[in-house]
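Below is one structure; the comments refer to it alone.
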Amino acid sequence: MGNRVFVVGVGMTKFEKPGAREWDYPDMAREAGGKALADAGIDYPLVEQAYVGYVYGESTSGQRAVYELGLTGIPIVNVNNNCSTGSTALFLATSAIRSGQVDCALALGFEKMQAGSLGSTYDDREQPMMRHLLALAELQEFAMPPAPYMFGAAGKEHMERYGTTAEQFARIGVKNHRHSQNNPYAQFQDEYTLDQILDSKQIYGPLTKLQCSPTSDGSGAVIVASEDFVEKHDLAGQAVEIVGQSMVTDLPSTFEDRSAISLVGADMTRTAAARVYEQAGIGPEDIDVIELHDCFSTNELLTYEALGLCAEGEGGKLVDNDDTTYGGRWVVNPSGGLISKGHPLGATGLAQCSELTWQLRGTADARQVDGASVALQHNIGLGGAVVVTAYRAL
Numbered sequence: 001m002g003n004r005v006f007v008v009g010v011g012m013t014k015f016e017k018p019g020a021r022e023w024d025y026p027d028m029a030r031e032a033g034g035k036a037l038a039d040a041g042i043d044y045p046l047v048e049q050a051y052v053g054y055v056y057g058e059s060t061s062g063q064r065a066v067y068e069l070g071l072t073g074i075p076i077v078n079v080n081n082n083c084s085t086g087s088t089a090l091f092l093a094t095s096a097i098r099s100g101q102v103d104c105a106l107a108l109g110f111e112k113m114q115a116g117s118l119g120s121t122y123d124d125r126e127q128p129m130m131r132h133l134l135a136l137a138e139l140q141e142f143a144m145p146p147a148p149y150m151f152g153a154a155g156k157e158h159m160e161r162y163g164t165t166a167e168q169f170a171r172i173g174v175k176n177h178r179h180s181q182n183n184p185y186a187q188f189q190d191e192y193t194l195d196q197i198l199d200s201k202q203i204y205g206p207l208t209k210l211q212c213s214p215t216s217d218g219s220g221a222v223i224v225a226s227e228d229f230v231e232k233h234d235l236a237g238q239a240v241e242i243v244g245q246s247m248v249t250d251l252p253s254t255f256e257d258r259s260a261i262s263l264v265g266a267d268m269t270r271t272a273a274a275r276v277y278e279q280a281g282i283g284p285e286d287i288d289v290i291e292l293h294d295c296f297s298t299n300e301l302l303t304y305e306a307l308g309l310c311a312e313g314e315g316g317k318l319v320d321n322d323d324t325t326y327g328g329r330w331v332v333n334p335s336g337g338l339i340s341k342g343h344p345l346g347a348t349g350l351a352q353c354s355e356l357t358w359q360l361r362g363t364a365d366a367r368q369v370d371g372a373s374v375a376l377q378h379n380i381g382l383g384g385a386v387v388v389t390a391y392r393a394l
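Residue numbers (full-length UniProt numbering): 1 to 394.
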């Protein structure tokens, strides 16, 4: 794989409802990036490259954001990969360390979003997900907005194919809202009963409003470093190693399977996870804590199967057995996940990394997973890309 890579500093803002706080993206970046630098105990001039992710913004917003931390002339790369933008920035920063190009790199992501469902910015050109939507419309009647339609359709297919129930999907919403009660960074920190989840506004298929991630404002930042940098700056006590990482984009099966489940990225996830397990020399049974992309409750259940936590079609059994919460086989989304923590697209992957770093350091406070030593991160963006990352405590 190349040189070893370590997370040495993390930071994030609280995720907020759009417009709830008077701030702009440079303010978000300054807060998250400043926290990451302080966590690492280093000054910004030691950062040699920066990768800055956002989905909604103007060109070179990455520079404007990072300039809040300093002006050192380093390469700053703007990153946009839909909902996997944050983890894509992390993938690039990690790659720079692993290749030996640099010893210290920053991955930063932010989003300043409009309220309501996601929409397109440009209407005079092909939409990047049009091929996916047209393929899905051949399988299930088209509905708006597109994102809940796609993931709701995948949930409907799972129900028809395997007998999964609306209640099983809803229980994922119950779990993640419950977990977020202990997360001061979460946009929502309210607990809901199963009936409240099921009775909230229906969006599409089995999805109700309380099973869907909200639009959010916020930022996250991660500093990664080489083994030499860790030793030189005496950071071993807080460093967490990235022991496996893979990015996968759409495969022939995405479209050839004629399956809603494939169209929302299950095969991308399955392929990336297999590569990460091989790189890290681990399997699902070795993992203690997972942050995965629950943009909708249906996707969390699909991802259980794609990550190999259970056989295909058996995700509902994990839910029924409480296998994915405290006291179970894994704790999935202790942060509250996207459903409750929020989903500022460019920041999500870096917030996931921050949470897992705290978990492996044993500093996650009331969210702490006892004895956590191996963690897995999954972040997906349709259109499409998925990044899976494995972490190990030193």
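No residue lacks a Cβ here, since even glycine has one placed at the ideal position from N, Cα and C. Everything numeric in this text was worked out from a predicted model, so none of it was measured.
Span of the beta strand (DSSP E), counted from its first residue to its last, around residue i
i: His-378; result: 374-381
i: residue 414; result: Absent from the model: residue 414. The displayed extent of the chain is 1 to 394, so no value can be given.
i: Arg-392; result: 385-393
Where residue i sits in the DSSP three-state scheme
i: Ser-226; result: strand
i: Glu-16; result: strand
i: Gln-196; result: helix
i: Phe-142; result: coil
i: Gly-11; result: strand
i: Val-319; result: helix
For residue j and residue i, the rounded distance between their alpha carbons
i: Thr-193; j: Val-174; result: 6 Å
i: Lys-209; j: Ile-197; result: 8 Å
i: Gly-237; j: Gly-9; result: 12 Å
i: Val-224; j: Ala-40; result: 9 Å
i: Arg-161; j: Lys-341; result: 31 Å
i: Glu-68; j: Met-28; result: 10 Å
i: Ala-20; j: Asn-3; result: 43 Å
i: Met-1; j: Ser-200; result: 47 Å
i: Leu-345; j: Ser-246; result: 19 Å
i: Gly-384; j: Gly-308; result: 21 Å
i: Leu-251; j: Met-113; result: 30 Å
i: Tyr-185; j: Asn-333; result: 13 Å
i: Gln-101; j: Ala-36; result: 21 Å
i: Val-5; j: Val-388; result: 15 Å
i: Ala-166; j: Phe-229; result: 49 Å
i: Asp-195; j: Asp-43; result: 50 Å
Enclosing alpha helix (DSSP H) for residue i [first to last residue]
i: Cys-104; result: Per DSSP, Cys-104 belongs to no alpha helix (DSSP H); it is in the beta strand (DSSP E), 104-111.
i: Ile-339; result: 337-341
i: Gln-352; result: 345-361
i: Glu-31; result: 25-40
i: Thr-254; result: 252-256
i: Met-129; result: That residue, Met-129, is in no alpha helix (DSSP H); it is neither H nor E in DSSP.
ask   = At a cut of 8 Å, does the region 335-354 reach the region 261-273 through at least three beta carbon pairs?
value = Judged by Cβ distances under 8 Å, the region 335-354 makes no contact with the region 261-273, as fewer than three pairs qualify.
inquiry  = Could you check whether the region 359-366 touches the region 306-322, counting it as contact only if at least three pairs of C-beta atoms, one from each stretch, sit closer than 8 Å?
reply    = Segments in contact, no.
key: Inter-stretch contact (C-beta, 8 Å, three-pair minimum) for the region 132-152 and the region 72-81   = Cβ pair count under 8 Å is below three, so no.
request  = Write down every uninterrupted run of the alpha helix (DSSP H) in the region 264-305 whose length is 4 residues or greater and which is fully enclosed by it, in chain order.
outcome  = For the region 264-305, whole alpha helix (DSSP H) runs of length 4 or above, ordered along the chain, are 266-280.
inquiry  = Using 8 Å as the cut-off, can you tell me whether the region 217-225 makes contact with the region 94-112, which would need three or more C-beta pairs spanning the two stretches below that distance?
reply    = Yes, the region 217-225 is in contact with the region 94-112.
query = Whole alpha helix (DSSP H) runs in the region 43-103 with 4 or more residues, listed along the chain?
reply = You should have 61-66 and 85-98.
inquiry  = For a minimum of 3 consecutive residues, which ranges assigned as the beta strand (DSSP E) are wholly contained in the region 146-225?
reply    = Those beta strand (DSSP E) runs which fall completely within the region 146-225 and span 3+ residues are 202-204.
key: Touch test, the region 78-98 against the region 40-54, Cβ-Cβ under 8 Å, three pairs minimum   = Output reads yes: the region 40-54 touches the region 78-98.
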